[in-house]
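In our numbering, the protein residues as written are 37 to 603.
The block underneath contains the structure these notes are about, expressed in structure tokens.
Spelled out as structure tokens, the structure:
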């Protein structure tokens, strides 16, 4: 109970959620965070209204499997939708989900480190080190990456499966691994590699004679995880094969050594390092600051592990390895193994090992931001730091250990602390009126004009289309528009045609795609997301005689086939 309150308090201190921001804003910006809100709401809607079409989401009409163009985050979706049912707020539900994931990460990392070190204070420090690293605060807004708490949980349950060999533990390990994979595709891919390395290391440590029950337990874990993961892998496989969607190599997103000293933007304690990181290419993806205090303690912990290994006698070497030390080593081995693919497709001008993973290891061909694969290494740093603290304070008085833990923990928090920005999501009646009107219209696909063009400005494409996707969860009509990790064939042709609405090419495109509704967004001035008043008036004046139009708030709703509903 006290630890739970401590973890909640630490989360509130580091994220400082104001009441107004909690209810009305999204983390960081209105691009990917809005996409995530839409994903969550679509999944909640699809489960209730027809799970068979779960992946046929209401964007990029008429393409199938459009949910598989991005992360599905199925394992964290129930929490969001439960919060949405309780609050009715897109923003509040996302913000509380993020905070809950942070608390969960603290608890899971604590559980792993406590099992490995048998020290409460050291385990709390490990939880702080992993949960509030520069990666977490530097990726504010990327909610799918906040599922990193499933890493320590999956490692802990895998370790206990190998050690205890009980079916119930094997089942729990399978559930945790499935939750990790279904929380983030990046995390799922890298954990499959780390787990393979861990199991191989365990077998080597036991000279390939681990004793009875190991293979059975691993088989149970694999079956449980596979049963949950496989059905959700099929749509991604179809998208990959049917549309030939495959990520190209992106050397700029490979992990660099300097990433580990690149704190979150605006770091309070290290503003110089933060500014230097800001000037690097793709700076957002290179914030992996592990904390100098953490790195020092981790070095001490690693040194203690190596020293203990070297001091083993010949008799000890022939005996069964100490489980705690073995699993500490396996944590280090698995975490550092993640650095191999994380280094990217190109290292110092030469082909990197990631290319082999991309071509031959399942799950890697759709990944580009390879630096994200280094998260297990941050977990290794955190666990080693806990062991280092244990080594330094093992023979000191309990009160001294407590004071030292409080001091080190406070230093870690200060090293990681940085400002967090929010973006207000408009939910005023004038903005939502047209979507509420659509919710009462007969079924039919819609297009929202103007369509933002990713060829012109990818950032504006996200900022325009992602909030529209959130609003589309009011009515859930299919949309020609969309924003995601892929752009389907024919989307640019739709942009070219519909942005000239109601020109003949636009009406022909609407007929081809069976589009019934056209939403004209009007602002005081023309922009990427709105039409100017004069342009909107010209469009309305040129509508086909068979159509109807009505204004709702800031937008016009055009029905191209009103005869179906009588007007």
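Cβ atoms here follow ideal geometry from the backbone N, Cα and C, with glycine treated the same way.
Predicted model only: the values in this text are computed from it and were never measured.
Sheet register partners of residue 484 (DSSP bridge): Residue 484 is bridged to 555.
Could you tell me the distance, in whole angstroms, from the CA atom of residue 97 to the CA atom of residue 549? When rounded, the distance between both Cα atoms is 8 angstroms.
Closest by CA to residue 232, which one among 446, 574 and 254? Between residue 232 and the set 446, 574 and 254, the nearest pair of CA atoms involves 254.
Can you tell me which of the three DSSP states residue 369 falls into? Here residue 369 sits in helix by DSSP.
Pairing CB atoms from the region 215-227 with CB atoms from the region 410-424, are three or more of them under 8 angstroms? Touching, yes, given that three or more Cβ pairs across the two stretches are closer than 8 angstroms.
How should residue 484 be labelled, buried or exposed, when 16 other C-beta atoms within 10 angstroms of its C-beta is the threshold for buried? Residue burial is scored here from C-beta neighbours: residue 484 has at least 16 other C-beta atoms within 10 angstroms and is therefore classed as buried.
Alpha carbon of residue 238 to alpha carbon of residue 366, nearest angstrom: Each residue's alpha carbon lies about 7 angstroms from the other.
From residue 266 to residue 43, what does the alpha carbon distance come to, in whole angstroms? Cα-Cα distance, rounded: 34 angstroms.
Cα-Cα separation between residue 296 and residue 324, rounded to whole angstroms: One C-alpha to the other measures close to 5 angstroms.
Within the same chain, show all residues whose beta-carbon is closer than 8 angstroms to that of residue 146, passing over the 5 residues directly before and after it, in chain order. Here the set comprises 39, 43, 159, 160, 162 and 163.
Under the three-state DSSP convention, the category residue 382 falls into: Strand at residue 382.
Kindly list the residues whose CB is nearer than 7 angstroms to the CB of residue 115, restricted to its own chain and excluding five residues on each side of it in sequence; keep chain order. Answer for residue 115: 133 and 136, listed in chain order.
Looking at the unbroken beta strand (DSSP E) that takes in residue 591, where does it start and where does it end? 591-595 is the span of the beta strand (DSSP E), which, as asked, contains residue 591.
As an exercise, report each continuous alpha helix (DSSP H) stretch of at least 4 residues that is fully enclosed by the region 294-366, in chain order. The region 294-366 contains these whole alpha helix (DSSP H) runs: 307-314, 328-346 and 350-354.
Starting from residue 588, follow its DSSP beta bridges and name the residues at the other end. Per DSSP, 591.
Within 10 angstroms of its Cβ, does residue 79 collect 16 or more other Cβ (buried), or is it exposed? The residue in question, residue 79, is buried, as its Cβ has 16 or more Cβ neighbours within 10 Å.
Who are residue 458's beta bridge partners in DSSP? Partner(s): 63.
Can you list, in chain order, the residues of its chain whose CB lies under 7 angstroms from that of residue 303, leaving out five sequence neighbours each side? The beta carbon of residue 303 lies closer than 7 angstroms to those of 309, 310 and 454 in the same chain, with the five residues before and after it left out.
Residue 247 versus residue 341 - alpha carbon distance: Roughly 25 angstroms separates the two Cα atoms.
Endpoints, the alpha helix (DSSP H) within which residue 389 is located: Note, residue 389: premise wrong, no alpha helix (DSSP H); not H, not E.
Between which two residues does the alpha helix (DSSP H) harbouring residue 445 extend? Secondary structure note for residue 445: its alpha helix (DSSP H) is the uninterrupted segment 434-452.
With three or more beta-carbon pairs closer than 8 angstroms as the criterion, would you say the region 493-513 touches the region 559-570? Counting Cβ pairs under 8 angstroms, three or more are found: they touch.
Considering only C-alpha positions, which residue in the set 500, 446 and 437 is nearest to residue 462? The candidate whose alpha carbon is nearest that of residue 462 is 500.
Determine which residues share a DSSP beta bridge with residue 515 and list them. Residue 515 is bridged to 482.
Leaving out five residues before and five after residue 576 in sequence, what residues of the same chain have Cβ atoms less than 6 angstroms from its Cβ? If we look at residue 576 and ignore the five residues flanking it on each side, its Cβ neighbours are 585.
Tell me the rounded alpha-carbon separation between residue 257 and residue 397. The alpha-carbon of residue 257 is positioned some 20 angstroms away from that of residue 397.
Quick check: the region 373-383 against the region 200-212, are there 3 or more CB pairs under 8 angstroms? No: the two stretches stay apart, fewer than three of their Cβ pairs being nearer than 8 angstroms.
Just checking, does the region 70-84 make contact with the region 500-511 on the three C-beta pairs under 8 angstroms criterion? Three or more pairs of CB atoms, one per stretch, sit closer than 8 angstroms, so the region 70-84 contacts the region 500-511.
With DSSP run on the structure shown, which of helix, strand or coil describes residue 428? If DSSP states are grouped into helix, strand and coil, residue 428 belongs with the helices.
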